[in-house]
Amino acid sequence: MCIRDSNITYTAPLPEIPPEFLAAQQAQQAQQIPSPQTPPTQLSPGQLPPGQLPPGQTLPQLPAFNPLQESLEVAEELDEFVLQSPQVENVFTIVGTRQGEPNRGTIYVRLRDDRTLSTGDVQDQLREELPEIPGVTTSVEDIRFVDTGGEQPVQVRIVGNDLALLHETAQEIRARLAEIPGFEDVRATQILDDDDTVTVITRSDGERVAAISANLGQGFTIGQVGDRATQEVNAILPPGISLELGGDSAQVNEILQSFRSTLTLSLICILLVLLFLFRSLVDTLVIFLSLPLAIVGAMLGLLLVQSDFGMISLIGIIFLLGLTNKNAILIVDYIKQLRKTGMSRRQAILEAVPTRLRPILMTTASTILGMLPLALGVRAGVELRAPMAVAIIGGLITSTLLSLLVVPVVYDLLDDVRSRVMKREKA
-4 MCIRDSNITY TAPLPEIPPE FLAAQQAQQA QQIPSPQTPP TQLSPGQLPP
46 GQLPPGQTLP QLPAFNPLQE SLEVAEELDE FVLQSPQVEN VFTIVGTRQG
96 EPNRGTIYVR LRDDRTLSTG DVQDQLREEL PEIPGVTTSV EDIRFVDTGG
146 EQPVQVRIVG NDLALLHETA QEIRARLAEI PGFEDVRATQ ILDDDDTVTV
196 ITRSDGERVA AISANLGQGF TIGQVGDRAT QEVNAILPPG ISLELGGDSA
246 QVNEILQSFR STLTLSLICI LLVLLFLFRS LVDTLVIFLS LPLAIVGAML
296 GLLLVQSDFG MISLIGIIFL LGLTNKNAIL IVDYIKQLRK TGMSRRQAIL
346 EAVPTRLRPI LMTTASTILG MLPLALGVRA GVELRAPMAV AIIGGLITST
396 LLSLLVVPVV YDLLDDVRSR VMKREKA
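When we follow the working numbering, the leftmost residue of the sequence shown carries the number -4, and every step to the right adds one.
Dropping the structure here:
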């Protein structure tokens, strides 16, 4: 699935409740009508049965009031502007995103398949050209496939008990991050208003928190921006205030933890399969040696193109482990075949590597060329899968080049050790 969507989230001022609506509501509540749950035996003298009014009396009608009206007007203005872009196919708007937030909304922007700009370029263009509406803040971000509770990719939370200090620190961090390249649409929790009145208190695990969030600038990775955010926040964090990471930075840490267990399980499965097929510890270890070479290449590839290390790149690395075994298996298996014909170990190695060089290079080149358009992002909207292709290409390049050199050498060394051990056992 390619990325063809973006979100525009906005926050408008909270709607003011008309005085006449409040007056009518109070008048309605003032009617002494007992609850329908009140037993008739408990009615006082002259009190009517539940749900009944005195003859000729009616409840005051509440005047019309739509708390979503102002937010809807903001959404319509933004929709009209976004649809003017030739890169946009259509929009879908939700007004009043969650209960208790009638002033917030989300505009899902569907981009055209034949657009001339990448998703990131369209987002940058919208950030620069969206109309400025008084009192309204907007944020242009990637589509979120799961509801993250309104979290943006970059988020830091500061924890403390002093609301005034918490508010002041949050605003200082917001202003500082807004000046640094890589941070877009920087926002902070508004704890106090202009009159120093508390507007909102957010708690996490029973502690008061303020959140500073931002979108990721084009060409920056979450690792770079997350580290910079942590560095800047720690530089100005006053005593009594602590820092917590949120957003995609926290998710990356979780992915790294799961990656270790997933990678370990994958390596164990590969090791067991090789042991079953070759029935030789030496041959298995030689083939197994090509896997670290592939992982190093994948990491270097992601680092070189400044690509995010996330779930998609993790899938690419797991996929890579199965591909890189192939080259070492071809070499080791052919060496074993030649030795069965009577060749010495060294002669078999010198014969096997040049013979298997051509098929190894051909299969590796075809795989790399097949992944290249995906890694380069030739077609708009392939950004989601690009890290997977980069990891596979980087791993294949290093594992192929090094396997042709390392695998024969290690095979020669380990087989020599095995021969010596066997001679000692016979002696």
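Every residue gets a Cβ at the ideal spot worked out from N, C-alpha and C, and that includes glycine.
Nothing here was measured: the structure is a model prediction, and the numbers come from that model.
**Q.** Beta-carbon proximity list for Arg341, same chain, < 8 Å, skipping 5 on both sides
**A.** Excluding positions up to five away in sequence, the list reads Asp407.
Q) Out of curiosity, what's the CA-to-CA distance linking Leu356 and Ser308? A) If I take the Cα positions, the gap works out to 24 Å.
Q.
Assuming Ala183 is part of the beta strand (DSSP E), what are its boundary residues?
A. Boundaries of the beta strand (DSSP E) around Ala183: 178 to 183.
**Q.** Nearest-angstrom Cβ-Cβ length linking Glu96 and Pro10, presumed shorter than 8 Å
**A.** Glu96 to Pro10, Cβ: 11 Å. No contact.
Q.
Considering only the alpha carbon of each residue, which of Ala70, Phe273, Ile3 lies closest to Asp328?
A. Cα-wise, what sits closest to Asp328 is Phe273.
(Q) Under DSSP, the alpha helix (DSSP H) around Ile434 begins and ends at which residues? (A) One cannot answer for residue 434 here, as it falls past the ends of the chain, which runs -4 to 422.
(Q) Tell me the rounded alpha-carbon separation between Ile217 and Leu211. (A) Whole-angstrom Cα-Cα distance: 7 Å.
Q: Report back the beta-carbon spacing between Leu288 and Thr362 to the nearest angstrom; my notes put them in contact at under 8 Å.
A: For a cut-off of 8 Å, the C-beta gap from Leu288 to Thr362 is around 16 Å, too long to register as a contact.
Q.
Using only CA atoms, which one of Leu158, Leu251, Ala224 lies nearest to Ala205?
A. Closest option to Ala205, Cα to Cα, is Leu158.
Q: Sort Ile387, Ser261, Ser302, Thr279 by Cα distance to Leu409 and report the nearest one.
A: Closest option to Leu409, Cα to Cα, is Thr279.
**Q.** Three-state secondary structure assigned by DSSP to Thr359
**A.** When secondary structure is reduced to three states using DSSP, Thr359 falls in the helix class.
Q) In whole angstroms, what separates the C-alpha of Leu106 from that of Gly155? A) Straight-line Cα distance between these residues: approximately 42 Å.
Q: Under the assumption that Gly130 contacts Pro8 (Cβ atoms under 8 Å), give the Cβ distance between them as a whole number of angstroms.
A: So it is a contact: roughly 4 Å between Cβ atoms.
Q | Residue span of the beta strand (DSSP E) that contains Val300, given as start and end | A | Note, Val300: premise wrong, no beta strand (DSSP E); not H, not E.
**Q.** Where Thr33 falls: helix, strand or coil (DSSP)
**A.** Interpretation of Thr33 is limited by its pLDDT of 46, a score under 50 that renders its predicted location unreliable; the figure taken from the coordinates is listed afterwards. Coil.
Q | Counterpart residues of Leu161 in DSSP-defined beta bridges | A | Note: Leu161 is not bridge-paired with any residue in the DSSP secondary-structure output.
Q. How far does the alpha helix (DSSP H) with Asp278 in it reach, from first residue to last?
A. Here the alpha helix (DSSP H) through Asp278 covers 276 to 283.
**Q.** For Phe87, the residue or residues it bridges with in DSSP
**A.** Answer by DSSP bridge pairing, in chain order: Tyr103.
Q) So, using beta-carbon positions, are Arg182 and Ser134 closer together than 8 Å? A) With contacts defined by Cβ atoms closer than 8 Å, Arg182 and Ser134 form a contacting pair.
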